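Peer 1: Before anything else, here's the structure in question.
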Amino acid sequence: MRSWWRCLFLTVISLCLIFVQSAPAGQRVFMWKVSSQQATAYILGTIHMMKADAYPLDSRIEGAFKRADAYALEFNIDDIAKMNMDSMVSDVSYAGDDTIRSHISKETYDTLQKRLTEYGYPVELMVKFRPWFLAVLLETFEYQKLGLNPEYGIDKYFLRKAEGSKQIVELESFNLQMDLFRKMLDSEQALFLDYTLRGINDMGSEVDALMKVWTNGDKKQMEDMVFNPLNKDKRLTSIFEKLYFERNRGMASKIVEMLSGKGTYFIAVGAGHLVGKRGILELLAQRGYTVYQQ
């Protein structure tokens, strides 16, 4: 049972990954360069999972990584396996006799049951999980159904290349990311799960569109896609504040610290964190830095 938990948990948490395709010569990639007097940062936007055929990466991305002294990512994925499993389980599940039935509507529960059955997981095995975790699980199952695999994620790809040769820097930490979910109200978790359930049927077409936008280095279209849910449903405001804007401020401050020192950094963060008026690139610009798309 404990090994099943570990396998399932590591699969879900390894989501801060990416699809990548080589861009035609002369076309911009979804990466920006920011410099200070003594430091340079290449900031690559990433998107969840990817496919094996996404490699090789664009030469500009590989070149930026090769020139870097350090590799920075949201958190070191490899460190998850070293953490206390009992503590992680308590973060994603209810204690005692409590189950998800007491925290979501009957309509949402019935829809959840149908979806889990389609993926081959009886709802009885999942009732102890919190709504936010089930929302992430469902997205993972659907991405895998579409042929995507976290094992091919760009974060892991560059992490493997960086180990033993470059300094590895965390912009956040696993605990910080978990704390964002710990602070979610029941109502926010229920809304998060409900929204995920309603959007699963569109994930296939959205993935294709997102791939095209990312490959074209189209920052404006990426912004439209990322924040379209919020524009349609303002109830999601508090969720976006926790999962995007609060984190953007923290990661931008970390990058400023790097730029205040010396060296060259290759930074990989979720593409959604770079775009918009409250995105990392805009926050850096507000602090006086000029960002150049590569």
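Under the numbering used here, read the sequence shown as residues -9 to 284, first letter to last.
Where a beta carbon is used, it is the ideal one built from N, C-alpha and C, also for glycine.
All values derive from a computational prediction rather than experimental measurement.
1. DSSP puts residue 23 in a beta bridge; with which residues?
2. For residue 64 and residue 125, what's the separation of their Cα atoms in angstroms?
3. Report the residue from 150, 168, 162 whose alpha carbon sits nearest the alpha carbon of residue 263.
4. Please classify residue 115 as buried or exposed, where buried requires at least 16 neighbouring CB atoms within 10 angstroms.
5. Out of curiosity, what's the CA-to-CA distance linking residue 268 and residue 235?
6. Are the CB atoms of residue 31 and residue 159 within a distance shorter than 7 Å?
7. According to DSSP, is residue 189 part of a helix, a strand, or is it coil?
8. According to DSSP, simplified to helix, strand and coil, what is residue 162?
9. Would you say residue 131 and residue 109 are within 7 Å of each other, going by their C-beta atoms?
10. Just checking my contact of residue 226 with residue 181 at CB under 8 Å: how many whole Å lie between their CB atoms?
11. From residue 213 to residue 87, what does the alpha carbon distance come to, in whole angstroms?
12. With a 10 Å radius around its C-beta and 16 neighbouring C-beta atoms as the bar for buried, classify residue 247 as buried or exposed.
13. Can the beta-carbon of residue 19 be found closer than 7 Å to that of residue 284?
14. Just to confirm the assignment, what range does the alpha helix (DSSP H) spanning residue 124 have?
15. In terms of alpha-carbon separation, which member of 78, 260, 24, 179 lies closest to residue 238?
16. Pick from 148, 168, 106, 173: whose alpha carbon is nearest that of residue 79?
17. Residues bridged to residue 139 by DSSP?
Peer 2: The answer reads as follows:
1. Answer by DSSP bridge pairing, in chain order: 32, 282.
2. Answer to the nearest angstrom: the Cα atoms are 20 Å apart.
3. Distance from the Cα of residue 263 is smallest, within the candidate group 150, 168, 162, for 162.
4. Residue burial is scored here from C-beta neighbours: residue 115 has fewer than 16 other C-beta atoms within 10 angstroms and is therefore classed as exposed.
5. Their backbone Cα atoms lie some 6 Å apart in a straight line.
6. No, they are not a contact pair.
7. Residue 189 sits in a helix when the DSSP states are folded into three classes.
8. Looking at residue 162 - three-state DSSP - the assignment turns out to be coil, as it is neither helix nor strand.
9. Closer than 7 Å, so yes.
10. Between residue 181 and residue 226 the Cβ distance is about 7 Å, and since that is below 8 Å, they are a contact.
11. If you take the alpha carbons of residue 213 and residue 87, they lie about 42 Å apart.
12. So residue 247 ends up on the exposed side.
13. Yes, they are a contact pair.
14. Its alpha helix (DSSP H) spans residues 121 to 135.
15. The candidate whose alpha carbon is nearest that of residue 238 is 260.
16. Looking at the Cα atoms, 168 is the closest of the given residues.
17. The partner list for residue 139 (beta bridge, DSSP) reads 40.
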